[in-house]
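Worksheet for the structure shown next.
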Amino acid sequence: MIKKTRKECIDCGMCTKQCTFLSKYDINLKDFTYKEDIRFECFMCDNCKDVCPKDLSGSQICRQLKEKDITNEKKLKFMKNPYLFKNTSDKKSEKLLYFGCNYPGYYPKTCEKLIEICKEYNIDFSVDCCQKPIYDNGSEVDYTNMKINLEKKGVKTIICVCPNCYHTFKKTSNFDVISIFEFLYENNIGKKIDTKANVYFPCSDRHTLEIFEYIKKYLVEYNSPYESINCCGLGGGVIQQNKQIAMQISKQFEHIMNDKVQNIYTY
963 MIKKTRKECI DCGMCTKQCT FLSKYDINLK DFTYKEDIRF ECFMCDNCKD
1013 VCPKDLSGSQ ICRQLKEKDI TNEKKLKFMK NPYLFKNTSD KKSEKLLYFG
1063 CNYPGYYPKT CEKLIEICKE YNIDFSVDCC QKPIYDNGSE VDYTNMKINL
1113 EKKGVKTIIC VCPNCYHTFK KTSNFDVISI FEFLYENNIG KKIDTKANVY
1163 FPCSDRHTLE IFEYIKKYLV EYNSPYESIN CCGLGGGVIQ QNKQIAMQIS
1213 KQFEHIMNDK VQNIYTY
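Quick look at the structure:
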């Protein structure tokens, strides 16, 4: 992508206007290819690609700039491959509730409830890493062991709670992949939200809204006042490397909430 960008960028400036990171330094995607020192400030949301007439990808540029970062690669692989805190079993289960690696830490009570629901359908669960953090760091990812372990369990369908896991498995596996919202809807579980929902679309689902297609079935009314915000602040590993920049995102949410809305619904 770096070579392609340097060759094909027409310096239109559309990406700069779209991205808080690029606009901060007053650079475009072509300029970014020469600035390895700021690679950990890109949220890898690819909002720049949405407006680029040449279909150039900031996330792919960032990934290539990170390829030489051996120290960070070793740290990530130590943590994520295999995932240090994984919770898996050998229990046979054609459908598998897949939590990923971050979700249980943020929403343990929700995980407990989902495990309870899925147990009624004889569905086992797994806490493991889909390897996206390693891929985003520019490292090569071997999904072989993960595939073998899932096949040993007899898994045919993966029910993903995390949108990153959902889209990663969609791209890298031959398993049937559905979101937890699709599973809940198909089994008539859950109630409609009868108040207006102000939705923030996560980066991984923003471009296709595949997961949201089932979420909106639970919404009576919704809008998206947060479209001007590139990322929630956790994308690209920015918060680990430059917390100050990541925390600036929260101020953007606060500004919109104070002026226009009083809630955030996301997934």
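Counting in our numbering, the sequence shown runs from 963 upward without gaps. Every residue gets a Cβ at the ideal spot worked out from N, C-alpha and C, and that includes glycine.
7 Å Cβ shell around residue i - same chain, five flanking residues per side excluded
i     : result
K1017 : Contrary to the premise, residue 1017 reads as Asp rather than Lys in this sequence. Excluding sequence neighbours, D1017 sits near K1011.
D1156 : V1182
S1141 : C1122, Y1128, I1173, Y1176
I1201 : G1195, A1208
Where the alpha helix (DSSP H) containing residue i begins and where it ends
i     : result
K1057 : Run containing K1057: none in the alpha helix (DSSP H); it sits in the beta strand (DSSP E), 1057-1060.
I1177 : 1174-1177
I1201 : 1200-1203
S1166 : 1165-1168
S985  : 982-987
L1171 : Note, L1171: premise wrong, no alpha helix (DSSP H); not H, not E.
E1078 : 1070-1081
Backbone secondary structure at residue i - three-state DSSP
i     : result
D1031 : coil
V1013 : helix
F1145 : helix
L1181 : strand
S1051 : coil
D1098 : helix
F1005 : coil
Y1045 : strand
I1110 : helix
Y1227 : strand
I1155 : strand
Cut-off 6 Å between Cβ atoms - residues of its own chain near residue i, not counting five sequence neighbours on either side
i     : result
K1028 : R1001, N1099, G1100
Q1214 : I1191
K1042 : C1091, P1095, I1096
Member of the options whose CA lies at the smallest distance from the CA of residue i
i     : options                    : result
I959  : F1143, T1130, K1030, F1047 : Since the displayed the chain opens at 963 and closes at 1229, residue 959 lies outside it and no answer follows.
T978  : I972, N990, E1003, K1178   : N990
C1007 : S1212, K1179, F1163        : F1163
S1088 : K1048, F983, C1004, V1200  : K1048
Y1180 : S1166, A1159, I1191        : A1159
Buried/exposed call for residue i, threshold 16 Cβ in 10 Å
i     : result
C1015 : Here residue 1015 is Pro; the residue named in the question, Cys, does not match the sequence. Exposed, because fewer than 16 other Cβ atoms sit within 10 Å of the Cβ of P1015.
G975  : exposed
K1054 : exposed
S1212 : exposed
T1170 : exposed
N1107 : exposed
G1067 : exposed
Beta strand (DSSP E) segment containing residue i, residue limits
i     : result
T995  : Here T995 belongs to no beta strand (DSSP E), and DSSP marks it neither H nor E.
F1137 : Unbroken run through F1137: none, as it is neither H nor E.
C1122 : 1119-1122
S1019 : Note, S1019: premise wrong, no beta strand (DSSP E); not H, not E.
Contact set for residue i: own chain, Cβ-Cβ below 8 Å, skip 5 residues either direction
i     : result
E1056 : G1116, V1117, K1118, T1119
L1058 : I1085, D1086, F1087, S1088, L1112, K1115, V1117, T1119, I1120, I1121
Proximity test, Cβ basis, 8 Å: residue i and chain B
i     : result
S1141 : Absent from the structure is chain B; it holds one protein chain and no more.
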